[in-house]
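S.K.:
Residue numbers (our numbering): 9 to 140.
#1: Give the C-beta separation of residue 143 and residue 111 to the nearest angstrom, bearing in mind that I take them to be a contact with Cβ-Cβ under 8 Å.
#2: Quick check on DSSP: helix, strand or coil for residue 78?
#3: Should the segment 71 to 84 be regarded as contacting the segment 121 to 138, the criterion being three or more beta carbon pairs within less than 8 Å?
#4: Check this for me: beta carbons of residue 42 and residue 101, under 9 Å apart or not?
#5: I'd like to know whether the C-beta atoms of residue 17 and residue 45 end up nearer to each other than 9 Å.
#6: Out of 52, 49, 11 and 77, point me to the one whose CA is closest to residue 31's CA.
#7: Between the Cα of residue 49 and the Cα atoms of 64, 29 and 10, which residue gives the shortest distance?
#8: What are the complete alpha helix (DSSP H) segments, minimum 4 residues, inside the segment 10 to 80?
#9: Ignore the nearest five residues each way along the sequence and tell me which others in residue 80's own chain have a CB closer than 8 Å to its CB.
#10: What span of residues does the alpha helix (DSSP H) with residue 135 cover, start to end?
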């Protein structure tokens, strides 16, 4: 499946007292990549909720910090959907500085209905998640 790529310059507000991006701020960066992916595919979480009445919740996350990232560096966030199931899908992301991977991340997202029960991914959403 195809990557969507977003270039980001690291804000000083992401940096901790040790001079590098704080481990908690990586999730903010990765969310930017997910939002970019969804926007380019025309399937934002707010649209899914408004159109289908479904919410998206995180079932699982895994992050690997390969190298440090520093303020004002330019990084690329590559995001793709690795797998689509009946009610869930898996984001696979990398943050790169040039050609070097600095972070790897996966998350499993489950669509749920208004009662909090897993819901089938609508066909239109499935198609957009899988498009190339």
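Glycine included, each C-beta is placed from N, C-alpha and C at the ideal position. This structure is a prediction, so every number in the text was calculated from the model and none was measured.
M.R.: Checking against the coordinates, here is how it stands:
#1: With the chain represented from 9 up to 140, any question about residue 143 goes unanswered, as that position is not in the structure.
#2: Indexing the chain shown from 1 puts residue 78 at position 70. Residue 78 sits in coil when the DSSP states are folded into three classes, being neither helix nor strand.
#3: no
#4: Within the chain shown, the letter at position 34 stands for residue 42. Within the chain shown, the letter at position 93 stands for residue 101. The answer is yes: Cβ separation under 9 Å.
#5: As a position in the chain shown, residue 17 is number 9, starting the count at 1. As a position in the chain shown, residue 45 is number 37, starting the count at 1. In this structure, residue 45 does not lie closer than 9 Å to residue 17 by Cβ.
#6: Here residue 31 is taken as the residue at index 23 of the chain shown, counted from 1. Considering only alpha carbons, the answer is 77.
#7: Stepping through the chain shown from its first residue, residue 49 is reached at position 41. Residue 10 is the option with its Cα nearest to residue 49.
#8: 34 to 49 and 53 to 60
#9: For the purposes of this step, residue 80 is identified with residue 72 of the chain shown, where counting begins at 1. So the list reads 17, 18 and 20, once near-sequence residues are dropped.
#10: Residue 135 sits at position 127 when you count from the first residue of the chain shown. Where residue 135 is concerned, the enclosing alpha helix (DSSP H) stretches over 131 to 138.
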